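Visitor: Taken in sequence, the protein lines are chains A and B.
Residue numbers for the first sequence follow UniProt numbering, beginning at 1 and rising by one.
Residue numbers for the second sequence follow UniProt numbering, beginning at 1 and rising by one.
Ideal placement from N, C-alpha and C gives every residue a C-beta, glycine not left out.
All values derive from a computational prediction rather than experimental measurement.
2 protein chains.
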Amino acid sequence: MAAPEIEEQLIPLRAAVKEFGDLIRSLKEKGAPKTDIDRAVNELKARKKKLEERELALAPKNISFFDRLKFEDLLKQRFFYDQSFAIYGGVTGLYDFGPMGCAMKANMINLWRNHFVLQENMLELDCSVLTPENVLKASGHVDRFSDWMVKDLKTGECFRADHLIKNFVEKICEDTKTSASVKEELKEILAKLEGFNDADMHNVIVKHNIKSPVTGNELSEPIAFNLMFPTMIGPTGDLKAYLRPETAQGIFVNFKRLLEFNQGKLPFAAAQIGSGFRNEISPRQGLIRLREFTMCEIEHFVDPNNKSHPKFERVKDYNLILFSGCNQMDGAPAEILPIGNAVAKKLVANETLGYYMVRVHKYLMRVGVDPKRLRFRQHLANEMAHYACDCWDAEILTSYGWIECVGVADRACYDLSQHSKATGEKLVAEKVLSEPKVVQIIEAVPNKAVIGKIYKTEAKQIFTRLEQLTLEEVEMLEKEIVSAGNAKLRCGDKEVELQKDYITIKRYEKKVYTEEFFPSVIEPSFGIGRIMYSVLEHSFRQRENDEQRVYFALPPIVAPIKCSVLPISSNPRFEPIMDAVRSELVKFSVSYKQDDSSGSLGRRYARTDAIGIPFGITIDFESESEPWTVTLRYSITMEQIRLKVNDVGKIVADLSSERMSWSEAQQIYPKFEQKSDA
Amino acid sequence: MAAPEIEEQLIPLRAAVKEFGDLIRSLKEKGAPKTDIDRAVNELKARKKKLEERELALAPKNISFFDRLKFEDLLKQRFFYDQSFAIYGGVTGLYDFGPMGCAMKANMINLWRNHFVLQENMLELDCSVLTPENVLKASGHVDRFSDWMVKDLKTGECFRADHLIKNFVEKICEDTKTSASVKEELKEILAKLEGFNDADMHNVIVKHNIKSPVTGNELSEPIAFNLMFPTMIGPTGDLKAYLRPETAQGIFVNFKRLLEFNQGKLPFAAAQIGSGFRNEISPRQGLIRLREFTMCEIEHFVDPNNKSHPKFERVKDYNLILFSGCNQMDGAPAEILPIGNAVAKKLVANETLGYYMVRVHKYLMRVGVDPKRLRFRQHLANEMAHYACDCWDAEILTSYGWIECVGVADRACYDLSQHSKATGEKLVAEKVLSEPKVVQIIEAVPNKAVIGKIYKTEAKQIFTRLEQLTLEEVEMLEKEIVSAGNAKLRCGDKEVELQKDYITIKRYEKKVYTEEFFPSVIEPSFGIGRIMYSVLEHSFRQRENDEQRVYFALPPIVAPIKCSVLPISSNPRFEPIMDAVRSELVKFSVSYKQDDSSGSLGRRYARTDAIGIPFGITIDFESESEPWTVTLRYSITMEQIRLKVNDVGKIVADLSSERMSWSEAQQIYPKFEQKSDA
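#1: With DSSP collapsed to three states, give me the class of GLY368/B.
#2: Does DSSP put HIS300/B in a helix, a strand or coil?
#3: Relative to the C-alpha of LYS510/A, which residue among LEU477/A, ILE441/A and GLY325/A is closest?
#4: Using the beta-carbon of each residue, which ones in chain A are nearer than 8 Å to TYR88/B?
#5: Apply the 10 Å Cβ neighbour rule to ASP175/B and answer buried if 16 or more other Cβ atoms are within range, or exposed otherwise.
#6: Are VAL535/B and CYS563/B closer than 8 Å when you measure CB to CB?
#7: Cutting at 6 Å between CB atoms, please list the residues of its own chain near LYS151/A, excluding the five before and the five after it.
#8: Go to TYR605/B, then tell me how far its alpha helix (DSSP H) extends in each direction, as first and last residue.
#9: Using a C-beta cutoff of 8 Å, does ASN230/B count as contacting chain A?
#10: Would LEU433/B be called buried (16 or more neighbouring beta carbons within 10 Å of its own) or exposed?
#11: Suppose the cutoff is 7 Å on Cβ atoms and the five residues either side in sequence are ignored; what does the same chain contact list for ASN197/B look like?
#12: Within the 8 Å Cβ cut-off, does ILE668/B reach chain A?
#13: Whole angstroms is fine: what's the gap from ARG78/A's alpha carbon to ALA610/A's?
#14: Below 8 Å on the Cβ atoms is my guess for ILE577/B versus TRP628/B; work out the distance and round it to an integer in Å.
#15: Smallest Cα separation from CYS102/A: which of LEU320/B, VAL117/B and ALA248/B?
#16: Given that HIS141/A touches chain B, what residues does it touch there, using C-beta distances under 8 Å?
#17: Residues in the segment 579-611 of chain B with C-beta within 7 Å of chain A's C-beta atoms, listed in sequence order?
#18: What ranges does the beta strand (DSSP E) occupy inside the segment 206-245 of chain A, keeping only unbroken runs of at least 3 residues that lie completely in it?
#19: Would you list the one or two residues that DSSP bridges to GLN418/B?
#20: Using a beta-carbon distance below 8 Å, is GLY250/A in contact with chain B?
#21: Are the CB atoms of GLY612/B and PHE518/B nearer to each other than 8 Å?
#22: Under the assumption that MET295/B contacts SER525/B (Cβ atoms under 8 Å), give the Cβ distance between them as a whole number of angstroms.
#23: Spell out whether any CB of chain B is found under 8 Å from the CB atom of VAL91/A.
#24: Could you spell out the range, first to last residue, of the alpha helix (DSSP H) harbouring THR464/A?
#25: What's the gap between the Cα of ALA678/A and the Cα of ARG603/A?
#26: Could you please tell me which residues of the segment 96-115 of chain A, in chain order, have their CB closer than 8 Å to any CB of chain B?
#27: In chain B, which residues lie with their C-beta within 9 Å of the C-beta of SER275/A?
#28: Just checking: is the beta-carbon of PRO235/B within a distance shorter than 8 Å of some beta-carbon in chain C?
#29: If you draw a straight line from the C-alpha of VAL630/A to the C-alpha of LYS671/A, how long is it?
#30: Taking 6 Å as the limit between beta carbons, can you name the residues of its chain near ARG633/B, skipping five residues before and five after?
#31: VAL645/A: which of GLY234/A, LYS587/A, LEU13/A and GLY195/A sits nearest, CA to CA?
#32: Identify every run of the alpha helix (DSSP H) within the UniProt domain "WHEP-TRS" (9-65) of chain A, keeping only runs that are complete inside it and at least 4 residues long; order them along the chain.
#33: Could you pull the DSSP bridge partners for TYR356/B from this structure?
#34: If you follow the alpha helix (DSSP H) that LYS593/A is in, where does it begin and where does it stop?
#35: Suppose the cutoff is 8 Å on Cβ atoms and the five residues either side in sequence are ignored; what does the same chain contact list for VAL302/B look like?
#36: Name the residue from ARG113/A, LEU477/A, LEU164/A and HIS208/A whose alpha carbon lies nearest to the alpha carbon of LYS183/A.
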């Protein structure tokens, strides 16, 4: 909640949102037609957007200095990352990480592995990027993973339909000749654009006579463009495949092996770190929308009837900023709540979801996200994937607005049941019933002699298939045979015909002690590039009284390079000490950058600050007295301590891996006052 | 060199190789036609192969126990890795790494980063997998990166031509009805197969009437199949792209940024860890031939006139097993040589190449390759890529024979000059001349007014292009204008026409102090999957007197899990001690597996040994006396020590990162004698 004087200005906007939130609730209650509800939801979103823009505009500007131009300059100049294949003209949506970006990304991934895989005992996988079409058909990606695009009817050039409309509206609104009423109408379109379907967008294009911004030619109706990169495996071209759009499917298709590895027990979590690929129609916004990106995904498999988490008790008092669906409908702001409360009042669907939200929050704190610019926003019912029960996005506020960086979703059993259907493999877990129960069994028992004689080598497959049939399938089969005298049975790629005397339908009661079920899946899914971008924005600083000295105040654990090694002069007599320092650093796997150029120490510090190096080791004339010592400087506070060369590797390693804080180090080692740090 | 009694049996085979080695040398001296030399090289290779097979057959079998069936069983059962998409029938050449394989791979990669990037101060990059066609056209991959395949003329099924012939020959040779003379002929084919071109293979197929092994249908002539996976970027389908077949090209196209990052100085090395993709026609042999694989590549850029290495002096006495081209031609065995000698006598082309061979060897030792089954084999002149000057493969002996796992090549300036040509960007470095020199300058000076008037907005591009012309290009232009009155100039995608009065040719002398040059590139390139497979084979063991107890004796630094945590019984009073142990381990990022099942301690040790866990922490009844202690067991020797719970995280971390050896730990902590370790 903002300051009272700001809140006052927001009152009418909040009320405007609530009006439509209430309307939607009442429409749903009355069972109104879906189109009416959808229209109301679009209006709700438009009003929410206005509210949010106003909130951001009114927010105090001094949260942190930020100058995007200087920021991007520094990133490019120190090669954190830059456009791929630039010497060939570049490709939009593809970025190469340079030495600084690459090291930072590797550190974020290592921390992720430590924070999740190691500390939560997850089963990590590393699966193929190349994925056959049938896998992604089952997961729904072949049919539904697409964006709307329009084509220039003469040149064939393509535009993402929503971006095209947005750019058109923005251009017209900037034009001073545009009348106020037209502007008002166009801004309405902009606000509702996110909820538009193909027909809505087509109407806008026709009504406002929107043409290709490049050629002025007519445009096609919006058509669905699948966002997966297609390829083929093997030389014949028969095995159609895609580059995976997410790593999750690799985990689902390995479910049986993982369950076995875990001795058949639930719950367990599997994790994967790797590349995902999405053929965006016209990607912009740097690392925020990429065609190739690093994801970290967790699939936590759990009994759908028991989504409690053994460690939830430990985190229940942890506070999160939650922007619930309910508050969004009411025009109310996000609120701070202990996760225990949120789960108790069913705001967050279950303990496991809540536990992961806390773990996600802690991870984002460790990598350096500003807690004031982080919230969990719940998906509204119509935003959720059709299979999900509850979904909360960790959104981070950047200069591009609130960006979704981690999704924490309860995917229910959608994926496992889809792959089961597609393959005939039972991707289920088994649990012991609290008391045995009696069930009705209906089996199709094959007449093995007859089937064997007719189907020869295929017979075995038919027997297996018959065993796998569900109760409903056996009853269907029975009905067909009774009415037609024979029935068709799908068996792998083929269909076989079963005559009446091939099978006997057997009915009996059976006492069972265990039950098979599809596990539910709780999925936290991280976009590493987006998080990295946010951390860089949040950690960008300039020194007081010196606008030229900009730097990154990165947490040591993610900093690309942990320390600098700076001899106070290039005098060769420092070489043995430098050598000893370097070998201590290597022993503890501490990355370092040596700068023995002739610049002043202050200038060299500024250079290392600029790339986010948190610690600076200086070898000065005092260093030579036995036992050799060096000074250690912390870039954020510019304070220094003095310590033995023998300790320097271990101490910087401890400081860089959160085993020791800077203030702890200051208590152990004497303070060092430097003469000049320009 | 093998034992004398074995060497004796090899004498005739060695002589047979040398005969052709000598023949090739004399053919080359005489300037014989290339086809004659090629034919002799094929024969040489066939004879080398026979020699090698005999050597392997005669080698003492007790180097190490190896039972491939048990080995593969264990890998599958404990999910180190397995075929991808198995529930969908699987895809050949694609593997998923399970929790054990994934952790081991991550450890190998982290060690690689430490050993190379950190210790050698390399610039690590992380570039796009998606690569536009023009980049790979310039690198030569679009035109030359292919294998020969034949097609079933009726069904279109494809076979890799050499594999097809190999399988055919093997099948015929196994047939007892085949005559000895036919067998002899076929075995000759097998031996020479590696050197066959399309015509050679077609001749064999026709002569022996080889048909499709599946349908018996006729086969096509061998056709070149490009091994890159094709795709398209963006919605129009205009931007053709491939999945990168190697990571190297991403480094080359970033050369300018890297040189700038390194303040314009040479030499420097860049490195990249990432996926490569090759659409093998019919991959077999598990991790050894994959369609998707992890590579680690280094591109070390150096002045072509000075390939010395500052740290070479430190490694010059390091011994390597070298199998030089010369020895291969002479039928002589590989020999052990200090790298200093090998470089001094020009066996290894230069210091930088030699330095990297040593670093590669050390890395392979650290991950657990058996030094006796590792050699560096020099490429024969006709094996080398056309642009390389010298190339040595680190080959590892596995149950599949000698496998190329790391290539260390001097690629000269091939790639940088190709990308320069394709883009017009000068991918060069600059060096200060020891003394200034006078050079002849020929420039095409544009008549800016005239060109500007005619070409308008394009004029600027023409001026830039004219500036970039080389001396030779200006002379060509001049000649054309003199003879024809005008000349064509390629300018980006277009061609423009220059009339006589558009430019003036200016000649003058200039004193220059610096010189631009294309750096040479030394490239060590690692296939992580192949190395991992070799390490697993080399570390596979069985306990004496117990064939059932098989295990992996992995170096702690690459072991998937560093330690087990085993309470001697499941008594809940151990829980606080267990908790303290776990939090110590987490503090030092040590991975662990807890096994509190009811099995005997011996059986639980066996289970953790099987997945290569090097250290076992046991909480026993003695643990409870203050200060709490635990026992620590080393799986290879099964020895144990006793230490405080407070020390256990740090000690296992040190033992697992080579900061402490087991024998050092034994000197610090008291020995613990266990009652039973079944």
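Guide: Quick answer:
#1: coil
#2: strand
#3: ILE441/A
#4: PRO132, ASN134, VAL135, VAL253, ALA422 and THR423
#5: exposed
#6: no
#7: CYS158 and SER220
#8: 601-610
#9: Reading off the sequence shown, one finds Pro at residue 230/B, where the question assumed Asn. For PRO230/B, the answer is yes, since a Cβ of chain A falls inside 8 Å of its Cβ.
#10: Counting the other CB atoms within 10 Å of its CB gives LEU433/B a total below 16, which places it among the exposed residues.
#11: Here the set comprises nothing.
#12: no
#13: Going by the C-alpha atoms only, they are around 8 Å apart.
#14: 5 Å
#15: VAL117/B
#16: None at all; the shortest Cβ gap to chain B is about 14 Å.
#17: The segment 579-611 of chain B vs chain A, Cβ under 7 Å: VAL586, LYS587, SER589 and SER591.
#18: 223-226, 230-233 and 239-243
#19: None, per the DSSP bridge assignment.
#20: yes
#21: Cβ distance not < 8 Å, so GLY612/B and PHE518/B don't count as in contact.
#22: Sure, about 7 Å apart at Cβ, within 8 Å.
#23: yes
#24: 459-468
#25: Low confidence applies to ALA678/A: its pLDDT is 41, below 50, so where it sits in the model is not reliable enough to give any reading.
#26: ASP96, PHE97, GLY98, PRO99, GLY101, CYS102, ALA103, LYS105, ALA106, ASN110, ARG113 and ASN114
#27: Correct list: VAL129, GLY274 and SER275.
#28: Judged by its chain identifiers, the structure shown contains no chain C, and its protein chains are A and B.
#29: 12 Å
#30: GLY616 and GLN640
#31: LYS587/A
#32: 34-58
#33: Paired residue(s): none; TYR356/B is not in a bridge.
#34: From DSSP, LYS593/A is part of no alpha helix (DSSP H) but of the beta strand (DSSP E) over 592-594.
#35: Excluding residues within five positions, the ones whose Cβ falls inside 8 Å are LEU266, PRO267, THR352, PRO519, SER520, VAL521 and ILE522.
#36: HIS208/A
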